[in-house]
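A.B. asks: In UniProt numbering, the protein residues as written are 1 to 322. All C-beta atoms in this analysis are idealised placements derived from N, C-alpha and C, irrespective of residue type, glycine included.
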Ligand SMILES: C[S@@+](CC[C@H](N)C(=O)[O-])C[C@H]1O[C@@H](n2cnc3c(N)ncnc32)[C@H](O)[C@@H]1O
Ligand code: SF4
Ligand code: SF4
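#1: Helix, strand or coil: which one does DSSP assign to residue 298?
#2: Whose CB is closer than 5 Å to a heavy atom of ligand 2? List the residues in chain order.
#3: Specify, as a first and last residue, the run of the alpha helix (DSSP H) that residue 113 falls within.
#4: From residue 125 to residue 220, what distance separates their C-alpha atoms?
#5: Answer with buried or exposed for residue 210, where buried requires no fewer than 16 other C-beta atoms within 10 angstroms of its C-beta.
#6: Hey, could you find the ends of the alpha helix (DSSP H) residue 261 is sitting in?
#7: Could you please give me the residues that DSSP links to residue 204 through a beta bridge?
#8: In three-state DSSP terms, what is residue 21?
#9: Output yes or no for whether 8 Å exceeds the beta carbon distance between residue 120 and residue 95.
#10: For residue 104, tell me which candidate among 91, 127, 117 has the shortest Cα-Cα distance.
#11: Taking the straight line between their C-alpha atoms, what separation do you get for residue 323 and residue 312?
#12: Since residue 87 sits in a beta bridge, which residues does DSSP pair it with?
#13: Check whether the Cβ of residue 144 lies closer than 7 Å to any heavy atom of ligand 1, and answer yes or no.
#14: Between 39, 142, 250, 261, which has its C-alpha nearest residue 50's C-alpha?
#15: Taking the CB atoms as reference points, tell me whether residue 35 and residue 82 lie closer together than 8 Å.
#16: Grouping DSSP H, G and I as helix and E and B as strand, with all else coil, what is residue 67?
#17: Count the other CB atoms within 10 Å of the CB of residue 307; is the residue buried (16 or more) or exposed (fewer)?
#18: Note down, one range per segment and in chain order, each alpha helix (DSSP H) of at least 4 residues found wholly within the segment 213-255.
#19: Can you name the start and end residues of the alpha helix (DSSP H) that residue 159 belongs to?
#20: How is residue 122 classed by DSSP in three states: helix, strand or coil?
#21: Could you check the C-alpha separation between residue 140 and residue 76 for me, to the nearest Å?
#22: Can residue 332 be considered in contact with ligand 3, in the sense that its beta carbon sits closer than 7 Å to one or more heavy atoms?
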């Protein structure tokens with residue numbers, strides 16, 4: 001028996017966690033008490049790419065990265081103390097700090113996922129939950145956004161991972177595509193390219209930090225068409241491959257998050273997010289710990305994780321990408 005990649009023994013070992021999870025869910029449903037279910041951590045302040053759409057570069061400052069000992073303290077203080085269930089590791093490029101990934105996987109067995117550009121060899125960790133591999137279109141479009149040769153490097157590293165890590169390695173590979181005005185016509189091609197090499201695929205939309213950002217796919221006909229296409233695929237053979245719930249895809253057709261740069265309905269509280277120094281980021285995982293930083297435009301937000309949680313903040317069975 002396996003639930004969310006966990007065997008029976010692991011479920012038994014995790015039972016204290018389910019107790020806390022149950023308390024959180026009951027606290028929220030009965031009293032509207034808001035305590036985070038998820039965590040996200042920028043484990044590194046460096047990236048080897050400079051992607052056209054990337055929010056992380058917008059607020060990056062020259063700071064040091066933390067040591068393993070410092071991360072252990074942050075894990076305890078920010079995540080374990082609050083009984084966070086699943087943690088997502090981002091950056092920068094997290095595979096440039098495999099030591100920190102290893103620590104998180106050890107501290108959160110089958111509950112830590114890593115979002116990576118896949119251009120570094122993908123390390124095998126027995127207890128990783130899974131990898132989100134970021135793919136931003138067919139090869140040509142992906143490389144326009146992420147840099148020449150990026151797609152081929154990622155392709156090779158995914159294939160090597162599958163070759164080197166046994167029959168079940170494909171289960172660890174989940175694809176994430178951030179849909180924007182440049183790549184929205186390549187959604188089906190991305191599925192065709194990656195279906196045989198991955199367990200699941202998740203879609204989200206580009207979230208701008210300035211009005212008039214040309215990469216934002218505006219609400220309206222073209223965006224609805226993309227979503228309707230995904231809904232149709234989800235109703236057919238790709239029901240289990242596409243990880244987005246149908247109601248979440250519907251949510252992403254319009255403004256669900258807020259007004260201007262202020263979150264209104266967005267369940268920001270459900271995910272505790274820290275930057276590379278372990279400081280809490282506001283208003284959400286693409287925000288910043290510094291008050292003078294650039295802010296995401298909530299009324300045009302397309303983030304997968306929060307738009308799913310708006311429907312059911314306590315749904316820990318499927319965590320969307322951030
Ligand atoms: C900041 S990256 C960090 C992890 C890793 N470097 C990678 O590219 O997967 C995390 C995810 O955020 C997505 N992303 C970057 N900028 C975004 C934006 N403005 N709106 C929505 N998603 C964005 C990326 O495509 C990637 O899937
Ligand atoms: S690889 Fe990830 S962190 Fe680096 S620039 Fe691209 S999206 Fe941003
Ligand atoms: S996820 Fe972030 S950008 Fe999107 S609505 Fe919520 S607070 Fe705003």
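C.D. replies: In terms of the structure at hand:
#1: Translated into positions along the chain shown, residue 298 becomes position 298. Helix, per DSSP.
#2: Selection output, chain order preserved: 47, 49, 51, 54, 56, 117.
#3: Position 113 of the chain shown, counted from the start, is the residue given in the question as residue 113. Careful: residue 113 lies outside any alpha helix (DSSP H), inside the beta strand (DSSP E) at 112-116.
#4: Looking up residue 125 in the chain shown gives position 125. Looking up residue 220 in the chain shown gives position 220. The C-alpha of residue 125 lies about 42 Å from the C-alpha of residue 220.
#5: On the chain shown, residue 210 is found 210 positions in, with the first residue counted as 1. Exposed is the call here.
#6: The sequence position of residue 261 within the chain shown is 261, counting from 1. Here residue 261 belongs to no alpha helix (DSSP H), and DSSP marks it neither H nor E.
#7: In the chain shown, counting from the first residue as 1, residue 204 sits at position 204. Beta-bridge partners of residue 204 (DSSP): 178.
#8: Residue numbering aside, residue 21 sits at position 21 when the chain shown is read from its first letter. Residue state, collapsed to three classes: helix.
#9: Within the chain shown, residue 120 is the residue found at index 120, counting from 1. Within the chain shown, residue 95 is the residue found at index 95, counting from 1. Annotated as proximal: residue 120 and residue 95, with beta-carbon spacing under 8 Å.
#10: For this step, residue 104 is matched to residue 104 along the chain shown. Nearest option by C-alpha distance: 127.
#11: Given that the chain is displayed from residue 1 to residue 322, the structure contains no residue 323 and the question cannot be resolved.
#12: Here residue 87 refers to the residue found at position 87 when the chain shown is read from its first residue. Paired residue(s): 39, 112.
#13: On the chain shown, position 144 is the one that residue 144 refers to. No, since every heavy atom of ligand 1 falls outside the 7 Å radius drawn around the Cβ of residue 144.
#14: As a first step, residue 50 must be located in the chain shown, where it is residue number 50. Residue 50 has its Cα closest to that of 142, out of 39, 142, 250, 261.
#15: What you label residue 35 is simply residue 35 of the chain shown in a count that begins at 1. What you label residue 82 is simply residue 82 of the chain shown in a count that begins at 1. Here residue 35 is near residue 82, since their CB atoms are less than 8 Å apart.
#16: As a working note, residue 67 is residue 67 in the chain shown. Here residue 67 sits in coil by DSSP.
#17: Locating residue 307 in the chain shown gives position 307, where the first residue counts as 1. Residue 307 should be labelled buried.
#18: Taken in chain order, the complete alpha helix (DSSP H) segments of 4 or more residues contained in the segment 213-255 are 221-235, 246-251.
#19: Translated into positions along the chain shown, residue 159 becomes position 159. For residue 159, the enclosing alpha helix (DSSP H) begins and ends at 150-164.
#20: Within the chain shown, residue 122 is the residue found at index 122, counting from 1. Residue 122: coil per DSSP, three-state reduction.
#21: Your numbering for residue 140 matches position 140 in the chain shown. Your numbering for residue 76 matches position 76 in the chain shown. So the two alpha carbons sit approximately 43 Å from each other.
#22: Residue numbering for the chain in the displayed model covers 1 to 322; residue 332 lies beyond these limits and cannot be assessed.
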